[in-house]
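Here's the structure, in C-alpha cells; my notes come after.
Numbering (mature numbering (1 follows the signal peptide of the UniProt record, and there is no 0)), first residue to last: -21 to -1, 1 to 194.
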C-alpha cells in the first residue's frame, strides 16, 4: 500500500506547473555526484569536538558521521526532479573499520523532489520517497531472492531549503519527518532539532543538455 501511494504521488507531481519554466522544460538534465545529505549538527559537534586526527579509528568514525553517498538526479523542469541515492561509500567505510567484507550491504533511496524557487540561488523543496535497506552475510546469500527476506522499507518525507553556491556545489537545511506524525513532539525543541539535518552535494557532472532542432 505504501509503495502504491508513492507511485501515485510521483505520477501526480510529474504534472507540476511549469509556468515559469524556460528552455529547461525542453531539455532533460542529468547530474550525478557525491552527497553528504544527512548531517545532524548536534551529533557532528559531539563527534568532532574530541576528534584526534592522529587516531585512525577516530578519523574513520568522523568520516562515517558525514554519511557520504553517491547520487544521480534527473531534472524534468525547474520544479520537479527524481533522484536515486546509495550510501555505498558509507558501507565501504564501515567494512574497512569493522573488517566485515563478507557482509553484503544495500542502502538505496528513491525520491522525488518538488522545488519552488524563491530567489536566484535559493529554492525550497519537498522530498517524498522511500529507503530500502538490506544486510546479509555472503555465506548466507545463496541467491538474490533472499534479499527480499532481509529488505526493510522506510518512508522518506522532508521539507527544506537549498542554496546553490555554484553549478557544482549545493548546500541545504531540511527537516526529516520519517517518523509517524504522532511520534514527533512539535512542542519540544529537542524533538524538532533531532529531525533537522544539513547537507552538501558536489556534482561531478552538472548536467547534459539535450538539443532539439525544432526549438
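Ideal placement from N, C-alpha and C gives every residue a C-beta, glycine not left out.
Verify whether the separation of the beta carbon atoms of residue 13 and residue 183 is less than 8 Å. To locate residue 13, count along the chain shown from 1; it is residue 34. To locate residue 183, count along the chain shown from 1; it is residue 204. In this structure, residue 183 lies closer than 8 Å to residue 13 by Cβ.
For residue 155, report the span of its beta strand (DSSP E) as first-last. As a working note, residue 155 is residue 176 in the chain shown. 148 to 155 is the extent of the beta strand (DSSP E) around residue 155.
Assigned exposure category for residue 151 - 16 Cβ within 10 Å defines buried: Residue 151 sits at position 172 when you count from the first residue of the chain shown. Residue 151 sits buried, since 16 or more C-beta atoms from the chains shown fall within 10 Å of its C-beta.
Identify the residues that DSSP records as bridge partners of residue 96: which are they? Indexing the chain shown from 1 puts residue 96 at position 117. Residue 96 pairs with 102.
Roughly how many whole angstroms lie between the Cα atoms of residue 180 and residue 59? Residue 180 sits at position 201 when you count from the first residue of the chain shown. Residue 59 sits at position 80 when you count from the first residue of the chain shown. The alpha-carbon atoms of residue 180 and residue 59 are separated by roughly 17 Å.
Pairwise C-alpha distance: residue 63 and residue 57: Counting from one through the chain shown, the residue named residue 57 turns up at place 78. Counting from one through the chain shown, the residue named residue 63 turns up at place 84. Those two C-alpha atoms are separated by around 18 Å.
Please list the terminal residues of the continuous beta strand (DSSP E) segment that includes residue 60. Indexing the chain shown from 1 puts residue 60 at position 81. Looking at the DSSP string, the run of the beta strand (DSSP E) that includes residue 60 is 59 to 65.
N- and C-terminal bounds of the beta strand (DSSP E) containing residue 175: On the chain shown, position 196 is the one that residue 175 refers to. Counting along the chain, residue 175 sits inside the beta strand (DSSP E) bounded by residues 175 to 184.
In chain order, what residues of the same chain lie with their CB nearer than 6 Å to the CB of residue 131, ignoring the 5 residues before and after it? Taking the first residue of the chain shown as 1, we reach residue 131 at position 152. Excluding positions up to five away in sequence, the list reads 112.
Which word fits residue 133, buried or exposed, when buried means at least 16 other C-beta atoms lie within 10 angstroms of its C-beta? Reading the chain shown from its first residue, position 154 is the one you call residue 133. Classified as exposed, residue 133 has fewer than 16 neighbouring CB atoms from the shown chains inside 10 Å of its CB.
Since residue 100 contacts residue 137 with CB under 8 Å, what's their CB separation in whole angstroms? As a first step, residue 100 must be located in the chain shown, where it is residue number 121. As a first step, residue 137 must be located in the chain shown, where it is residue number 158. No, residue 100 and residue 137 are not in contact; Cβ-Cβ is about 20 Å, not under 8 Å.
Rounded separation between residue 141 and residue 61 - CA only: Here residue 141 is taken as the residue at index 162 of the chain shown, counted from 1. Here residue 61 is taken as the residue at index 82 of the chain shown, counted from 1. So the alpha carbons of these two residues sit roughly 16 Å apart.
Among 54, 86, 51 and 8, nearest to residue 110 - alpha-carbon criterion: Along the chain shown, read from residue 1 onward, the residue named residue 110 stands at position 131. Nearest of 54, 86, 51 and 8 to residue 110, Cα basis: 86.
Name the DSSP bridge partner or partners of residue 10? The residue you call residue 10 lines up with position 31 of the chain shown. 52.
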